[in-house]
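Working notes for the structure below.
Number of protein chains: 2
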Amino acid sequence: SVNPDLASERQTASFSVEKLTALLDGGAEQTRIRRAVVEAIESDPVFSRENQYFQTQNERYEAAVRKAVHLQKKMHEMGWTENGPEYKYIYRALSGDVAFLLHRVFMRSISVLGSDKQIAKWIPPATQHQLIGSYAQTELGHGTYLQGLETTAVFDIATQEFILNTPKISAMKWWPGDMGRSATHTVVFAQLYIHGKCYGIHPFIVQIRSLQDHSLCPGVTAGDIGPKMNFEHIDNGYLMLKNVRIPRDNMLSKFCEVRPDGTYVRQGSQKINYFTMTTVRISLISDEVLTPLMKACTIAIRYSAVRRQSKLKPGEQEAKILDYQTQQEKLLPQLAAAYAFHFINDYLQKLFDRGYREIQRKNFDMLPELHALSSGFKAVITHHCTAAVEICLRACGGHGYSLLSGLPSLYTKILASCIYEGENTILLLQTARFLIKCFMAASTGQPVPPSVTYLAAVKPEKCPAKKKSDFLNPDIYTEAYQHVAVRLISSTAAKLQDLVQSGVKKYDAWNQCTVQLVQAAKAHCHYITVKNFAETVEKLETKAGIQRIMKHLCDLFALHGIFSNTGAFLHDGYVSAAQMDMVTASYLDLLAVIRKDAVPLVDAFDFTDKSLNSALGSYDGQVYQRLYEWAQKSPTNKMSPAYERYLKPLLHNTLSKL
Amino acid sequence: SVNPDLASERQTASFSVEKLTALLDGGAEQTRIRRAVVEAIESDPVFSRENQYFQTQNERYEAAVRKAVHLQKKMHEMGWTENGPEYKYIYRALSGDVAFLLHRVFMRSISVLGSDKQIAKWIPPATQHQLIGSYAQTELGHGTYLQGLETTAVFDIATQEFILNTPKISAMKWWPGDMGRSATHTVVFAQLYIHGKCYGIHPFIVQIRSLQDHSLCPGVTAGDIGPKMNFEHIDNGYLMLKNVRIPRDNMLSKFCEVRPDGTYVRQGSQKINYFTMTTVRISLISDEVLTPLMKACTIAIRYSAVRRQSKLKPGEQEAKILDYQTQQEKLLPQLAAAYAFHFINDYLQKLFDRGYREIQRKNFDMLPELHALSSGFKAVITHHCTAAVEICLRACGGHGYSLLSGLPSLYTKILASCIYEGENTILLLQTARFLIKCFMAASTGQPVPPSVTYLAAVKPEKCPAKKKSDFLNPDIYTEAYQHVAVRLISSTAAKLQDLVQSGVKKYDAWNQCTVQLVQAAKAHCHYITVKNFAETVEKLETKAGIQRIMKHLCDLFALHGIFSNTGAFLHDGYVSAAQMDMVTASYLDLLAVIRKDAVPLVDAFDFTDKSLNSALGSYDGQVYQRLYEWAQKSPTNKMSPAYERYLKPLLHNTLSKL
């Protein structure tokens, strides 16, 4: 039975939840396929996550391996293939709780970086899991800056082998997934040396464990890096190599080859390869970032509709916490952000698909823009969504702090997305470099890529809004965002130029501007997100109330961004103080409007109870019953030796006399 | 041997680290006592935290009980007493990793709420640990709003007993520490009923487990609430009561008594009791909030001085990440905040000591102000420090994400401080209520408490700064903070009045202003923190470079606050755009200045390696060696059954054919 406090929220939905779900999925047919995958996974007990919050790191790892192995069977049984329409829903249905994800990266890196001969040799046994691969790039002392990697691969002409070494402790490979305990092979990135000359970083296939008994190969030291904030199910590993010899054929040689005589040959264009790396940042947004935020919103908003606390009006029953303005102000902007980022993700996916087609046609013009967009949006979306999940967690008070709420796990996992695949600050500075370059080009009349043409356009000096409802006009707020982005980019470009002209070295000048460059890059991405949301709403069909509620969310997202960054808009007087008060008033009004549809808006994300795995967020809202039932299963409710050993002697005063 | 990259940071300290440590401790003698306590605790293997990051919740609980029992011996052995000068350092030296903390709350509540007879009966056996107490207030369905608690205590005249019940699941006690597995007794807060009439919430001593065999008493259901984001060592528990009868004497009756005939009698003033609750919020700041932030700063700043990444100047060695402006902008404001909050904590402690003396003299005039300050500062400091620890964690990249860095545990623990002892938003609204009241009083010329007299003073309309160095003048920035606080309080008061005058009900008007009321309360606390920091610096002795570096930190704290909230200062033109650019320039300049002393500034916090328990933060900076050594001890580097069960059949292709 559904908690009446939750049921009543659904009776008054102003739109069709099912239609909105279909919109998010990209059509009703996609919804059908997704649900079928979820049903198949969730009805299979091997994939259960029921006891997840009670398990140790070892238990989580073992379960992930079991699931990965079982998944092979399941896919065969269900007729799912890597190219089929179901494939993209599998990982999400498993909530990522599965091993061998790096095995896929291992295979992809061979497919992308390997010669045809290498692909023919390695891909078939890898596909059949006759070996398990990993991907060993990051070292203890080196992450984002790949040129700094210290592992060496020296070519030995005499034996036609590469000799791999970890010259010092900071060169130890550290973090690669599946490597701590599972992998038999890995792609190692190392500095290539031929005749004492360094040719830079290259990828090598190295076997690390026996295929017979899984013991470490000679010269190999490897293991698990130990406990982390999350990802307990993954055996992130370390790897040291001491005079490990591999055949010359094991250097992945699509782009660079070492001939038997030691000649080093470059071949082909690596541009498509760079593009592949770039797309990884976009591809992670959906499953690793948006899904967790949507789950967190679902949990926190459903809970806020059943949790009652204090009285809003004297004499009445205690109020739902969702009725408090402060609670709305915590949660509803996060809900709006989930939609905003869903739509910008759609936009980026389409843009990258187009980019891929262009690049296949050997047209590389879009590459700089795509690189800048993928860097900036990876950083902005992971940062924003991580903060949003934390807000959802805190907004649930004490119960949010229990692992049983599901929120701590969502938070500790999404947090990692700010670090992996490029640390966010470094990525934003890459976007900023592109923006400064484009700004300089635009200001001298040169052509610039489509996403930055706005840098060249002439804009009004002042926001034209006259009353608070004007701030519900997308043109008004989109232009305000655009104005701020232009101002931050142009003023930082000017500061850079001033510094250099005053004699500061270019690299010093750059460093002295980085705090402001980061702000400029964020403003650029924020502007594009708002613009895209507004344009998306414009194109929606007006039926079933969808466009109306999406318009409200778009307004909320935009106005929340202004309300939270008032200084950026007030700075040069583009928005006046009186206008800012209108923004605040419009923003606070919107909270009360969207609050009415808050539960239907999270229902539309269409998560099953099993996928949420939350005592607070289930569809029926029976929060307290579930917390109690789940807590009873905790291993902490088993007998503890602490009683006989410590408590009994203490209470019976039989400890050696104090 | 100390990592040379860290050693060089210490050679150029501009001040005496030892002198600063003594200043933080409140004198060299205090430093001596603290170090002696730390030495005694850390040299005792029972108190070791060495394997903490590898332990399960059960293992953590058992260790905490073992330590709590051992601590009794240790205190006796060392001659430490509850009133001695060493006492306050013990908990900190244990990093809070010890059981029976609620036993102290149990005893304190009896001391404060019990009659002399009850104190005489319960305190001696509790002191000797012949029983273990807990404190059962929070329920599944009720936290901060105490009037809403649902547990009932019905007086039965016939037997002269109270009959305690948990009428429904939301009334179950939930969260009390030490209750899940350890406690034999607890203080239960329940609605008192006599002859069918409810007299509100009262405290009752209830035995929940047998003193003989620790089995649950008849009618009692209790256990552990399961896994949490941290506090694995504490057995937070649940408790259901079914017709549990306790003698009439078990109602704590200093302030209210039920006579044998069922007459209900109030006696004495509860004001000193309210004051005790208020002081708890202040007392937690030091150990639960400031110490974790200081540890996080120590770890992140030392790591940033030894971690090298990318090149700042072409041709040079990779740069220390602490040399990047963006890294400085992440970490140094958190360091400044640690000092700012240390000094405001000193201020609050002194104020509350004075308040205590006044209240003992039956002068309750200070109570409203102290309540407002304790609520506001608890919320502002816990919020700020939690965010700061998270920034430190992220600033260490991947290694910050490893539990071995110590940062995840610091973060997941400090996060709870935003929720316990009053949820932060609710506390800020209590401060806001006080501020609005005082503002109304001040504007009609009535007297107001000292901390809010500024609301009545006449201030300049515009910031008088002319050049960027003017923003290093504490009068300039303190007045700017004051101006913003007054503006936010007065404008929200005006909005409230307008709403009420336009016919909106008072409680609705309040709810519609809460987002802005929260901002106003924060601005008030921020202003007082800046003012207090500036005044503290003013009074420091000028020797040994201490005042100079503290002045820089004070400036940084103040300017960072403006830089991060530009809109609040720009809104009414108090600070102009040109002045804001000066703030930014001064702020960024300061980063480079303080960076030079960053490592000595964290060294002054004087944490031992054992107390930091971090592979990244040790005094010698041997980061990579320690990560590797610690990882090898992880249980994930033991044999796993996953190989024989799943990996081997997969690799050997002996799984039932796909």
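Just so you know, the protein sequences line up as chains A and B, in that order. Under this note's numbering, the first residue of the first sequence is numbered 4, with each subsequent residue one higher. Under this note's numbering, the first residue of the second sequence is numbered 4, with each subsequent residue one higher. Every residue, glycine too, gets a C-beta built ideally from N, C-alpha and C.
With 16 other Cβ atoms within 10 Å as the buried cut-off, status of A/Val602: For the purposes of this step, residue 602 of chain A is identified with residue 599 of the first sequence, where counting begins at 1. The residue is buried, with at least 16 neighbouring Cβ atoms inside 10 Å.
In the stretch 257 to 322 of chain B, which residue ranges form an unbroken alpha helix (DSSP H) of at least 4 residues, counting only runs that do not cross its ends? 274 to 287 and 294 to 309
Hey, B/Pro295 and B/Ile417 are a contact pair by Cβ (cut 8 angstroms); roughly how many whole angstroms apart? Counting from one through the second sequence, the residue named residue 295 of chain B turns up at place 292. Counting from one through the second sequence, the residue named residue 417 of chain B turns up at place 414. That belief holds up - the Cβ atoms of B/Pro295 and B/Ile417 are roughly 5 angstroms apart, short of 8 angstroms.
Segment limits, beta strand (DSSP E) that includes B/Arg248: By 1-based counting over the second sequence, the position of residue 248 of chain B is 245. Segment Val247 to Pro250, the beta strand (DSSP E) holding B/Arg248.
Which first and last residues belong to the alpha helix (DSSP H) in which B/Met110 is found? Along the second sequence, one-based indexing puts residue 110 of chain B at 107. It spans Leu104 to Leu116 - the alpha helix (DSSP H) in which B/Met110 sits, taken as one unbroken run.
Counting only Cβ-Cβ distances shorter than 7 angstroms, please list the residues of the stretch 505 to 532 of chain B near chain A, keeping chain order. Tyr510, Asn514, Gln515, Thr517, Val518 and Val521
Do A/Cys399 and A/Ala303 have their C-beta atoms within less than 8 angstroms of each other? The sequence position of residue 399 of chain A within the first sequence is 396, counting from 1. The sequence position of residue 303 of chain A within the first sequence is 300, counting from 1. Yes, these two residues count as a Cβ contact at 8 angstroms.
List the residues that DSSP assigns as beta-bridge partners of A/Ser472. Working through the first sequence from its first residue, we reach residue 472 of chain A at position 469. For A/Ser472, which the question treats as bridged, DSSP gives no partner whatsoever.
Exposed or buried, B/Met1, counting other C-beta atoms within 10 Å across all chains shown (16 or more means buried)? Because chain B spans 4 through 661 in this model, residue 1 of chain B falls outside it and cannot be assessed.
Please report how far the alpha carbon of B/Ile237 lies from the alpha carbon of B/Ser98, in whole angstroms. Sequence index remark: in the second sequence, residue 237 of chain B carries index 234 (1-based). Sequence index remark: in the second sequence, residue 98 of chain B carries index 95 (1-based). Looking at the two C-alpha atoms, the distance is approximately 13 angstroms.
Tell me the DSSP secondary structure of B/Lys651 in three-state form. As a first step, residue 651 of chain B must be located in the second sequence, where it is residue number 648. Here B/Lys651 sits in helix by DSSP.
Where DSSP assigns a beta bridge to A/Phe192, which residues make up the other side? On the first sequence, residue 192 of chain A is found 189 positions in, with the first residue counted as 1. The partner list for A/Phe192 (beta bridge, DSSP) reads A/Pro206.
B/Met443 - containing alpha helix (DSSP H), residue span: Against the second sequence, residue 443 of chain B aligns to sequence position 440. Asn427 to Ser446 is the span of the alpha helix (DSSP H), which, as asked, contains B/Met443.
What three-state label does DSSP hand A/Phe572 in the structure shown? Numbered from 1 along the first sequence, position 569 holds the residue referred to as residue 572 of chain A. Note: A/Phe572 maps to helix in three-state DSSP.
Per DSSP, what kind of secondary structure is A/Ala139 in: helix, strand or coil? Your numbering for residue 139 of chain A matches position 136 in the first sequence. Strand.
Closest by C-alpha distance to A/Ala588, when choosing among A/Phe278, A/Ser472 and A/Ala71: One-based indexing of the first sequence puts residue 588 of chain A at position 585. Ranking the options by Cα distance to A/Ala588, first place goes to A/Ser472.
Per DSSP, what are the beta-bridge partners of B/Met583 in this structure? As a first step, residue 583 of chain B must be located in the second sequence, where it is residue number 580. B/Met583 pairs with nothing; no bridge assigned.
Quick one: list the residues of chain B neighbouring A/Leu315, beta-carbon separation under 7 angstroms, in chain order. Counting from one through the first sequence, the residue named residue 315 of chain A turns up at place 312. Here the neighbours are Tyr510 and Asn514.
Looking only at its own chain, which residues have a Cβ that is under 7 angstroms from the Cβ of B/Glu21, when we skip the five neighbours before and after it? For the purposes of this step, residue 21 of chain B is identified with residue 18 of the second sequence, where counting begins at 1. Excluding residues within five positions, none has a Cβ falling inside 7 angstroms.
Taking the beta carbon of A/Leu573 as the centre, do at least 16 other beta carbons fall within 10 Å, making it buried, or is it exposed? As a first step, residue 573 of chain A is located in the first sequence; it is residue number 570 there, counting from the start. Counting Cβ neighbours within 10 Å, A/Leu573 comes out buried, since at least 16 surround it.
Rounding to the nearest angstrom, what Cα-Cα distance links B/Ala497 and B/Ile597 in this structure? Taking the second sequence and counting its residues from 1, the one referred to as residue 497 of chain B is at position 494. Taking the second sequence and counting its residues from 1, the one referred to as residue 597 of chain B is at position 594. For B/Ala497 and B/Ile597, the distance between alpha carbons rounds to 42 angstroms.
Closer than 8 angstroms by C-beta to B/Lys509: which residues in its own chain qualify, once you throw out the five before and the five after it? Chain order, please. Stepping through the second sequence from its first residue, residue 509 of chain B is reached at position 506. The residues are Val503.
Please classify B/Tyr90: is it buried, with 16 or more other beta-carbons within 10 angstroms of its beta-carbon, or exposed? As a working mapping, residue 90 of chain B is identified with position 87 in the second sequence. By the neighbour-count rule (16 or more Cβ atoms within 10 Å), B/Tyr90 is not buried but exposed.
Nearest to B/Tyr484 by CA position, among B/Thr532, B/Ser505 and B/Ser493, is which residue? The count along the second sequence starts at 1 and reaches residue 484 of chain B at position 481. Minimum Cα distance to B/Tyr484 is reached at B/Thr532.
So, under 8 angstroms CB-CB, B/Val190 and B/Ser112 are touching, yes? Tell me the CB distance rounded to an integer number of Å. Locating residue 190 of chain B in the second sequence gives position 187, counting from the first residue. Locating residue 112 of chain B in the second sequence gives position 109, counting from the first residue. 5 angstroms between Cβ atoms; contact.
Check whether the stretch 320 to 332 of chain B touches the stretch 406 to 417 of chain B, taking contact to mean three or more Cβ pairs, one atom from each stretch, closer than 8 angstroms. no
Contacts of B/Arg69 in chain A (Cβ-Cβ under 9 angstroms): Locating residue 69 of chain B in the second sequence gives position 66, counting from the first residue. What B/Arg69 touches in chain A: Ala645, Arg648 and Tyr649.
Where B/Pro7 falls: helix, strand or coil (DSSP): In the second sequence, residue 7 of chain B corresponds to position 4, counting from 1. Of the three classes helix, strand and coil, the one that applies to B/Pro7 here is helix, per DSSP.
Can you confirm whether the stretch 36 to 53 of chain B touches the stretch 211 to 225 of chain B when touching is taken to mean that 3 or more C-beta pairs between the two stretches lie within less than 8 angstroms? no
Can you tell me whether B/His402 is buried or exposed, with buried defined as 16 or more other CB within 10 angstroms of its CB? Here residue 402 of chain B refers to the residue found at position 399 when the second sequence is read from its first residue. It counts as buried.
Where DSSP assigns a beta bridge to A/Ile197, which residues make up the other side? The residue labelled residue 197 of chain A in the question sits at position 194 within the first sequence. A/Lys200.
Is the beta carbon of A/Thr154 less than 8 angstroms from the beta carbon of A/Thr169? Translated into positions along the first sequence, residue 154 of chain A becomes position 151. Translated into positions along the first sequence, residue 169 of chain A becomes position 166. Yes. Within cutoff.
Three-state secondary structure (DSSP) of A/Tyr414: Within the first sequence, residue 414 of chain A is the residue found at index 411, counting from 1. In this structure, A/Tyr414 counts as helix in the three-state DSSP scheme.
Of the listed residues B/Leu373, B/Ala10, B/Ser643 and B/Gln363, nearest to B/Arg353 (C-alpha basis): Along the second sequence, one-based indexing puts residue 353 of chain B at 350. Rather than Arg, the amino acid found at residue 353 of chain B in this sequence is Lys. It is B/Leu373.
Return the Cβ separation of B/Pro179 and B/Ala139 in integer angstroms, given the expectation that the two are a contact with Cβ distance under 8 angstroms. In the second sequence, residue 179 of chain B corresponds to position 176, counting from 1. In the second sequence, residue 139 of chain B corresponds to position 136, counting from 1. With 8 angstroms as the limit, B/Pro179 and B/Ala139 qualify as a contact, their Cβ atoms being about 5 angstroms apart.
Where A/Leu615 and A/Leu406 are concerned, what is the direct C-alpha to C-alpha distance, given to the nearest angstrom? What you label residue 615 of chain A is simply residue 612 of the first sequence in a count that begins at 1. What you label residue 406 of chain A is simply residue 403 of the first sequence in a count that begins at 1. Rounded to whole angstroms, A/Leu615 to A/Leu406 spans 12 angstroms at the Cα level.
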